[in-house]
Amino acid sequence: MRSDLRSKIGQELPLPRRIFAQMLRELRGCVPGSPAARDFIAWLTEAGYVGLLPSSLSRYYSGKDVPSEAFAQAFYGVVRTAAGERPLPCLLSELLDLRNSAEGADGRRNAGLDLRNRALEAEFSAAPAVDAEEVTPLPVPVDQLLARGGAEECESTRAVVMLSADGNLRDALIVLEGAAYQFSIDGVASMIENLYALDAIELAENLAKLFSRARSIKETVALSQVLRGEFAAVSDLLLRAITA
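So the sequence shown is numbered by the numbering used here: it starts at 271 and just counts up by one.
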């Protein structure tokens, strides 16, 4: 195995960082001849990206660090040239979207994200506990939502609604945060649709807020467009989050 790929991707890392690191590895594998790290760095230098160390390259491949956008662009260009006619596993725009998502999930690079999430969690935790006997019956039985979205999205919708109904808002936030990071745009849209059907509008809006903080601008705009017709308020919330 090439020396710069010896480090494995840490499974404890946030999912967006693991996905981005894996994509870097897959692109690296498209370069014929298995060049050494120093050769690859020399190509990057020729492409205008200077000062890279082998240790830094290894940390990018393992997900320990998230590189700059300039690196991602230079890296993709070098791979594209070296690969020749070989098909690549992604487009440059897709690689940049993955990088942005990875950076959004990196607490060291985006401490503000962590602070905002903690503030939101504190707000939820400060809410008074609700007696289960006093909970207003849900307008639509949760079991009827299984036809909307995939199994994981439906299970997360079920969990977050029931946790909220039981007054366990802290764990409800954790479920929403996981959905914001892991689910596809359509999956998040189906969760928002289901939450609205259950009159859990505040949960739907918080899912949208968490999504805008965890994902790239391109993904946030795409979700806004999906929701534009029936859920204009959430769509506008997403667009406002981009410019905030």
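Even glycine gets a Cβ: it sits at the ideal position worked out from N, Cα and C.
Which word fits residue i, buried or exposed, when buried means at least 16 other C-beta atoms lie within 10 angstroms of its C-beta?
i: aspartate 367; result: buried
i: leucine 323; result: exposed
i: serine 338; result: exposed
i: glutamate 447; result: buried
i: serine 434; result: buried
i: leucine 480; result: buried
i: alanine 306; result: exposed
i: glutamate 463; result: buried
i: serine 325; result: exposed
i: alanine 474; result: buried
i: serine 454; result: exposed
i: arginine 510; result: exposed
i: leucine 361; result: exposed
Near residue i, what residues of its chain come up, given a Cβ to Cβ distance below 6 Å and the 5 sequence neighbours on each side ignored?
i: serine 426; result: Val445 and Ala449
i: arginine 287; result: Gly333, Ala372 and Ala375
i: leucine 465; result: Leu473 and Ala474
For residue i, which residues of its own chain have a beta-carbon under 8 Å away from its beta-carbon, when the five flanking residues on both sides are left out?
i: serine 332; result: Ser277, Lys278, Ile279, Gly280 and Ala291
i: isoleucine 289; result: Leu368, Ser371 and Ala372
i: alanine 340; result: Tyr319
Report the rounded CA-to-CA distance for residue i versus residue j, giving the unit in angstroms.
i: serine 482; j: glycine 457; result: 15 Å
i: phenylalanine 522; j: leucine 314; result: The structure shown has nothing for residue 522, since the chain only spans 271 to 514.
i: isoleucine 512; j: threonine 490; result: 8 Å
i: isoleucine 311; j: serine 304; result: 13 Å
i: leucine 497; j: tyrosine 451; result: 18 Å
i: serine 363; j: aspartate 436; result: 42 Å
i: alanine 467; j: lysine 488; result: 27 Å
i: glutamate 373; j: arginine 295; result: 17 Å
i: alanine 502; j: lysine 334; result: 38 Å
i: glycine 420; j: valine 504; result: 21 Å
i: leucine 439; j: methionine 293; result: 35 Å
i: alanine 429; j: leucine 283; result: 24 Å
i: arginine 356; j: valine 336; result: 26 Å
i: arginine 350; j: serine 486; result: 23 Å
i: aspartate 441; j: glutamate 500; result: 28 Å
Using a beta-carbon distance below 8 Å, is residue i in contact with chain B?
i: leucine 365; result: This model lacks chain B altogether, as it is built from one protein chain only.
Would residue i and residue j qualify as a contact pair, given that the criterion is a beta-carbon distance under 8 Å?
i: valine 348; j: alanine 317; result: yes
i: leucine 285; j: proline 359; result: no
i: alanine 342; j: arginine 369; result: yes
i: glutamate 423; j: serine 460; result: yes
i: valine 431; j: alanine 484; result: no
i: alanine 352; j: valine 320; result: no
With H, G and I counted as helix, E and B as strand and the rest as coil, what does DSSP make of residue i?
i: leucine 322; result: coil
i: serine 426; result: helix
i: alanine 397; result: Residue placement at alanine 397 is poorly supported in this model, since its pLDDT is 39, which falls under 50; the coordinates still yield a value, given next. Correct three-state label for alanine 397: coil.
i: glycine 280; result: coil
i: arginine 386; result: Caution is warranted here: a pLDDT of 39 is assigned to arginine 386, below 50, making its placement in the model unreliable, and no coordinate value can be reported.
i: asparagine 341; result: The question names asparagine, yet the displayed sequence has phenylalanine at residue 341. Here phenylalanine 341 sits in helix by DSSP.
i: phenylalanine 290; result: helix
i: phenylalanine 310; result: helix
i: alanine 450; result: helix
i: serine 304; result: coil
Among the residues of its own chain, which have a CB less than 7 Å from the CB of residue i, if the five just before and after it don't count?
i: leucine 508; result: Ala478, Ser482, Thr490, Leu493 and Ser494
i: leucine 365; result: Met293, Ala342 and Tyr346
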